[in-house]
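Here's the structure we're looking at; comments come further down.
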Ligand code: WQD
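Numbering (this note's numbering), first residue to last: 33 to 375.
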């Protein structure tokens with residue numbers, strides 16, 4: 033009998049890749065998604081990859097009556113992986129209440145609804161942004177978390193605090209927070225990937241959209257940071273490696289292997305690359321010259337962020353293994369297929 037897993041935001045970028053990994057690991061998946069930043073076509077593409085079209089409920093998690101209704105007909109859910117959230121850093125600065133309401137009310141509603149039915153197994157999509165500007169590198173889970181610069185990042189930090197408080201009064205419930213560094217790349221099929229609505233905030237989609245002609249040029253936000261080439265360093269991780277980590281965390285939970293009922297893990301590669309290194313690698317794998325210009329710093333950026341991912345390696349028996357070239361090649365393939373172009 034397949035174990036049933038609820039994936040909120042399962043039509044999204046990281047969510048859809050995790051759904052593919054779950055199905056390939058013999059889990060039955062139910063997706064709840066409001067399609068505010070994703071597309072139902074993703075369900076067909078998940079089917080093309082896995083042969084299975086996951087059950088899908090279009091539902092805004094801010095509507096607690098709808099959430100309870102969905103759960104009423106799915107009492108046999110063994111665990112939840114919660115991706116559903118808004119994630120544009122800049123937008124969150126401009127519209128903080130939109131982010132606090134959506135990201136926190138959605139989380140609280142799914143938790144209330146599930147805890148009413150009994151103890152829960154819950155995996156939360158968090159972010160390295162909870163570390164703020166780290167005092168020590170590489171970053172371990174022991175690093176002090178700081179008040180993140182953006183309301184988006186703060187919703188992730190507050191959400192972790194909610195889960196930690198809940199874990200203290202729900203001893204039989206298990207919660208794991210996964211702190212992503214910089215997810216990039218796409219499934220090798222080119223059928224699922226990151227499709228940001230509007231102007232991309234993140235580096236990789238902006239690079240591929242510039243290369244394919246959707247954007248005139250990439251602005252590199254500052255080359256006066258205290259790094260070897262002056263541009264900020266980040267720990268880029270292939271989204272497929274990230275998806276596999278969720279399956280490992282789920283198995284840890286279902287096999288009752290958690291040592292505390294609230295655990296956090298860094299999901300990174302442990303390697304840091306600068307913006308200029310990413311650009312150079314893109315030019316190498318795509319054989320295309322990228323049009324970019326060095327401009328002023330972006331508010332809120334920190335010089336360097338990369339993980340010590342040893343804890344995930346030891347406890348989740350997981351290690352990212354895809355190279356930077358594989359990550360960037362798969363991003364470029366996705367961009368071309370998503371735009372139905374092969375250059
Ligand atoms: C990476 C580097 C920019 C765009 C954010 C969130 C994090 C997670 C990932 C959601 C930085 C530079 C970028 C551009 C540039 N989000 N850059 N020109 O800021 O590390 O992390 O996205 O889960 O929580 O905080 O990622 O891709 O935006 O930027 O020069 O057009 O690329 O300055 O140094 P970031 P990013």
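All C-beta atoms, glycine included, are put in the ideal place defined by N, C-alpha and C.
- In this structure, DSSP gives residue 65 an extended state, which the three-state scheme calls strand.
- Bounds of any beta strand (DSSP E) do not take in residue 45; it lies within the alpha helix (DSSP H) bounded by 45-56.
- Straight-line measurement puts the Cα of residue 60 at about 10 Å from the Cα of residue 85.
- If you keep only unbroken beta strand (DSSP E) runs of at least 3 residues inside the stretch 223-279, you get 250-253, 268-270.
- Within the model, the alpha-carbon separation for residue 144 versus residue 71 is close to 27 Å.
- Around the beta carbon of residue 346, fewer than 16 other beta carbons lie within 10 angstroms, which makes this residue exposed.
- Along the stretch 105-142, the alpha helix (DSSP H) occurs as fully enclosed runs of 4 or more residues at 121-126, 128-131, listed in sequence order.
- Relative to the Cα of residue 316, the nearest Cα in the group 209, 202, 92, 243 belongs to 243.
- Within the same chain, and ignoring the five residues on either side of residue 112 in sequence, the residues whose Cβ sits closer than 6 Å to its Cβ are 38, 154.
- Look at residue 238: its beta carbon is less than 6 Å from one of the heavy atoms in the ligand WQD.
- C-alpha of residue 169 to C-alpha of residue 338: approximately 7 Å in a straight line.
- Three or more Cβ pairs closer than 8 Å define a contact, and the stretch 299-307 meets that threshold against the stretch 253-269.
- With a cut-off of 8 Å on Cβ pairs, the stretch 228-237 is not in contact with the stretch 274-294, counting fewer than three such pairs.
- Measuring C-alpha to C-alpha distances from residue 47 to each of 88, 35, 34, 33 identifies 88 as the nearest.
- The criterion of a C-beta distance shorter than 7 Å is satisfied by residue 66 and residue 92.
- Counted as a single uninterrupted DSSP element, the stretch harbouring residue 297 is not any alpha helix (DSSP H) but the beta strand (DSSP E) occupying residues 294-299.
- Under the 10 Å beta carbon count, residue 328 is surrounded by fewer than 16 other beta carbons and is classified as exposed.
- Here residue 240 is near residue 363, since their CB atoms are less than 7 Å apart.
- Cβ-Cβ separation between residue 298 and residue 344: approximately 6 Å, consistent with a contact (criterion under 8 Å).
- For the pair residue 301 and residue 269, the CB atoms are nearer than the 7 Å cut-off.
- The C-beta separation of residue 158 from residue 209 comes to about 5 Å, placing the pair in contact by the 8 Å criterion.
- Residue 372 holds the alpha-carbon nearest to the alpha-carbon of residue 222 among 206, 55, 372.
- The Cβ atoms of residue 324 and residue 249 lie closer than 7 Å to each other.
- Assignment of residue 327 by DSSP, reduced to helix, strand and coil, places it in the strand class.
- Scanning its chain for C-beta atoms nearer than 8 Å, with the 5 sequence neighbours on each side dropped, one finds around residue 56 the residues 82, in chain order.
- The beta carbon of residue 102 lies closer than 7 Å to those of 64, 89, 91 in the same chain, with the five residues before and after it left out.
- For the 7 Å CB-CB criterion, residue 180 and residue 189 form a contact.
- By the CB criterion at 7 Å, residue 201 and residue 177 fall outside the cutoff.
- DSSP places residue 370 within a helical segment (H, G or I) once states are collapsed to three.
- About 5 Å separates the beta carbon of residue 110 from that of residue 35, a gap short enough to meet the 8 Å contact definition.
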